[in-house]
Amino acid sequence: MDMIDRFIKEVEYAYENVPFYKKKLDEKGVSPLTLDASNLLQELPFTNKKDYRVNFPLGVLAKGFSINHPMLTKSQSSGTSGERLVTFEIGMNLLQRAVECARAHPVIFEAFTKPGRKICRYAAPNCSDVECANPNSTMEDRRLADGTLVLPVYHDLLTTTKEMIDRTIEEIEVYKPDLFYVDPTHFAFLIRQYENRKLTPPAIPVVTSYSAASAISRKYISRYYPESTLFSELFSSSEMGWLAMRCPEGHIHLNDESFFIELIAPTGIAEGASHFYELCVSSIDQGALPHLRYRSGDIVSVSETQCSCAHGGRIVQIEGRESHFLKRSNEGLISPANIDRIVGAPEWMQLYRLEQMNEDRFVLQMIVEEKYHAGNEQDIVRELAALLEADVQFEVVDYIPSDRSGKFQYIKRSP
């Protein structure tokens, strides 16, 4: 069965079993019986986070499922782009999606599918279903149903205390994980703490997720975890699971085996006016909470590079969340990844944030290393000012706060 046939089967399943989809398709005058490859994408409407938030749980759960169903796994977004979104899916569906995605990186695949494998998670507290910011929580308090240990960390990353960091490092030593599943900024912070203590983190595979890996975070992680062997960047969502992964050749491959993924024009941008595309994702495995033409809000650019690895998924570059793009004109989008490519990973830089104060003024804040000398930043500031066509001011600071979601955002757009 080809992908279009699998997608049509999912539409039929959703129409027959999910009240929200039956109502939405009926209102649009769309019948699954008349859909085929020639009219599918013209007839079937898009969906988004609001649809699932408003209709959750009874309207979007398939017949036979409830939020207490023993086969379901709960996920919830961190709230980066607004209100947190709670969702459920059959655990085995999520696992199979992850396994297919992990095939892009054989070392990660082997560690993830190892019988009895143990995973340590290090990310913003909002990214877990356990309380990991409480200094009094125990390892048992922070164990997930699949055995994953969520390591302790404060909601505002840079305020995490020495005592909590020491405990994190000790727990890793005691737990002896087979795989790190981490936010890249958080893990880069943890690596710096290892270095401050003249310790070496364990040489096990690392998957970064939750937010895009900046050049700065990759700089620290790659010191101990080469991208060609132990380190891979994962792109995932709380709603759908694992969507794409970076292979050892350095290319991010879409999980085209587990999802029907369309690349569409971002909201408000005319078709063909930009080289950016929004990921529009549809499930194809008849689960508890189907998604059809789901606008993710995640933006990519398409790579024409040929990859020598065995993974067949399309190659993309992750550009960032649409809500974090800087919009200079209706046809002039500047992505977080574009900003990050300019800033790069100088040896003297530890962390940065570019904040838009108004349409014509930005502030670049940087936490620097001892190697920094006044003026090191001039080329970066000059390039950013030219790209943004705005005034860019520079500040050396000792602290940059995390967002209210607990994640660290490198780009902060004005309201």
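Residues in the sequence shown are numbered consecutively from 1, following the numbering used here. Quick reminder that beta carbons are idealized off the backbone N, C-alpha and C, glycines included. Values in this document were obtained by computation on a predicted structure and should not be read as measured data.
Mind checking who residue i pairs with in its DSSP beta bridge?
{"i": "Asp2", "result": "Bridge partners of Asp2: none, in fact."}
{"i": "Asp391", "result": "Arg361"}
{"i": "Tyr122", "result": "Val182"}
{"i": "Glu424", "result": "In the structure as shown, the chain begins at 1 and stops at 415. Residue 424 is therefore absent and cannot be evaluated."}
{"i": "Asp285", "result": "For Asp285, which the question treats as bridged, DSSP gives no partner whatsoever."}
{"i": "Tyr15", "result": "Beta-bridge pairing links Tyr15 to no other residue."}
{"i": "Gln306", "result": "Per DSSP, none; premise fails for Gln306."}
{"i": "Thr160", "result": "Beta-bridge pairing links Thr160 to no other residue."}
{"i": "Thr87", "result": "Ser75"}
{"i": "Ile416", "result": "Residue 416 cannot be examined here, being either before or after the span of the chain that is shown, 1 to 415."}
{"i": "Gln317", "result": "Ser301"}
{"i": "Ile252", "result": "Arg246 and Val316"}
{"i": "Lys99", "result": "The residue you asked about is not Lys; residue 99 is Val in the sequence shown. Its beta-bridge partners do not exist; DSSP assigns none."}
{"i": "Thr208", "result": "Val182 and Glu233"}
Within a Cβ cutoff of 7 Å, which residues of the same chain sit near residue i, ignoring the five residues on either side of it in sequence?
{"i": "Val396", "result": "Met366 and Val368"}
{"i": "Phe56", "result": "Val86"}
{"i": "Tyr372", "result": "Trp348"}
{"i": "Cys247", "result": "Ala104, His105, His253, Cys307, Cys309 and His311"}
{"i": "Lys114", "result": "Asp178"}
Looking only at its own chain, which residues have a Cβ that is under 8 Å from the Cβ of residue i, when we skip the five neighbours before and after it?
{"i": "Asn338", "result": "Glu319 and Leu387"}
{"i": "Leu416", "result": "With the chain represented from 1 up to 415, any question about residue 416 goes unanswered, as that position is not in the structure."}
{"i": "Gly287", "result": "Ala62, Glu89, Ile90 and Asn93"}
{"i": "Thr305", "result": "His251 and Ile315"}
{"i": "Thr73", "result": "Phe88, Glu89, Ile90, Gly91, Leu94 and Ala145"}
{"i": "Ala203", "result": "Tyr224, Tyr225 and Leu230"}
{"i": "Glu131", "result": "Pro125, Ser137, Asp141 and Arg142"}
{"i": "Asp256", "result": "Met3, Gly312, Gly313 and Arg314"}
{"i": "Asp398", "result": "Ile367"}
Round the Cβ separation of residue i and residue j to the nearest angstrom and send it over; I've been treating them as touching at under 8 Å.
{"i": "Ala104", "j": "His253", "result": "5 Å"}
{"i": "Ala124", "j": "Ser402", "result": "7 Å"}
{"i": "Phe260", "j": "Phe7", "result": "4 Å"}
{"i": "Val18", "j": "Leu44", "result": "Rounded, the Cβ-Cβ distance is 14 Å, inconsistent with contact."}
{"i": "Thr161", "j": "Asp183", "result": "The pair is not a contact, with the Cβ atoms about 19 Å apart (cut-off 8 Å)."}
{"i": "Met357", "j": "Ser303", "result": "Wrong, their Cβ atoms sit about 33 Å apart, outside the cutoff."}
{"i": "Ser258", "j": "Glu100", "result": "5 Å"}
{"i": "Asp391", "j": "Arg361", "result": "5 Å"}
DSSP on residue i, reduced to helix/strand/coil?
{"i": "Arg142", "result": "helix"}
{"i": "Phe189", "result": "helix"}
{"i": "Glu369", "result": "coil"}
{"i": "Asn330", "result": "Here the model assigns Asn330 a pLDDT of 46, short of 50, so the residue's position is not dependable and the matter cannot be decided."}
{"i": "Leu384", "result": "helix"}
{"i": "Met349", "result": "strand"}
{"i": "Val300", "result": "strand"}
{"i": "Ser237", "result": "strand"}
{"i": "Glu355", "result": "strand"}
{"i": "Ala374", "result": "coil"}
{"i": "Phe231", "result": "strand"}
{"i": "His275", "result": "coil"}
{"i": "Val107", "result": "helix"}
{"i": "Leu25", "result": "helix"}
{"i": "Gln409", "result": "coil"}
{"i": "Ala337", "result": "helix"}
{"i": "Val30", "result": "coil"}
{"i": "Val417", "result": "Shown here, the chain extends from 1 to 415; a query on residue 417 therefore has no answer."}
{"i": "Gly59", "result": "coil"}
{"i": "Val343", "result": "helix"}
{"i": "Thr47", "result": "strand"}
{"i": "Ala215", "result": "helix"}
{"i": "Arg117", "result": "coil"}
{"i": "Leu149", "result": "strand"}
{"i": "Val130", "result": "coil"}
{"i": "Arg295", "result": "strand"}
{"i": "Thr168", "result": "helix"}
Near residue i, which residues of its chain fall below 6 Å by C-beta distance, leaving aside the five closest residues on each side in sequence?
{"i": "Asn330", "result": "Any reading at Asn330 must be qualified, since the residue scores a pLDDT of 46, below 50, and its modelled position is unreliable; no value is offered."}
{"i": "Tyr294", "result": "Thr47 and Val281"}
{"i": "Tyr220", "result": "Ala188 and Ile191"}
{"i": "Glu377", "result": "Phe394"}
{"i": "Glu231", "result": "Rather than Glu, the amino acid found at residue 231 in this sequence is Phe. Cβ neighbours of Phe231 beyond the five flanking positions: Val206, Ile221 and Tyr225."}
{"i": "Met240", "result": "Val281"}
{"i": "His155", "result": "Pro125, Ala133 and Gly406"}
{"i": "Thr185", "result": "Ser217 and Phe408"}
{"i": "Phe109", "result": "Ala102 and Arg103"}
{"i": "Ser75", "result": "Thr87 and Ser238"}
{"i": "Ala345", "result": "Ala215, Ile216 and Lys219"}
{"i": "Pro32", "result": "Val11, Glu12 and Tyr15"}
Of all Cβ atoms in chain D, is any one closer than 8 Å to the Cβ of residue i?
{"i": "Thr87", "result": "No chain D is present in this structure, which holds just one protein chain."}
Subject >> Inter-stretch contact (C-beta, 8 Å, three-pair minimum) for the stretch 171 to 189 and the stretch 124 to 142 >> reply: Contact holds between the stretch 171 to 189 and the stretch 124 to 142, because three or more Cβ pairs, one in each stretch, are under 8 Å apart.
Original post:
Should the stretch 150 to 161 be regarded as contacting the stretch 83 to 91, the criterion being three or more beta carbon pairs within less than 8 Å?
Top reply: As far as the Cβ criterion goes, the stretch 150 to 161 does not touch the stretch 83 to 91, which means the pair count is below three.
Original post:
At a cut of 8 Å, does the stretch 369 to 382 reach the stretch 236 to 251 through at least three beta carbon pairs?
Top reply: Note that the stretch 369 to 382 does not touch the stretch 236 to 251; fewer than 3 beta-carbon pairs, one per stretch, sit closer than 8 Å.
Subject >> Inter-stretch contact (C-beta, 8 Å, three-pair minimum) for the stretch 37 to 45 and the stretch 58 to 78 >> reply: Counting Cβ pairs under 8 Å, fewer than three are found: no touch.
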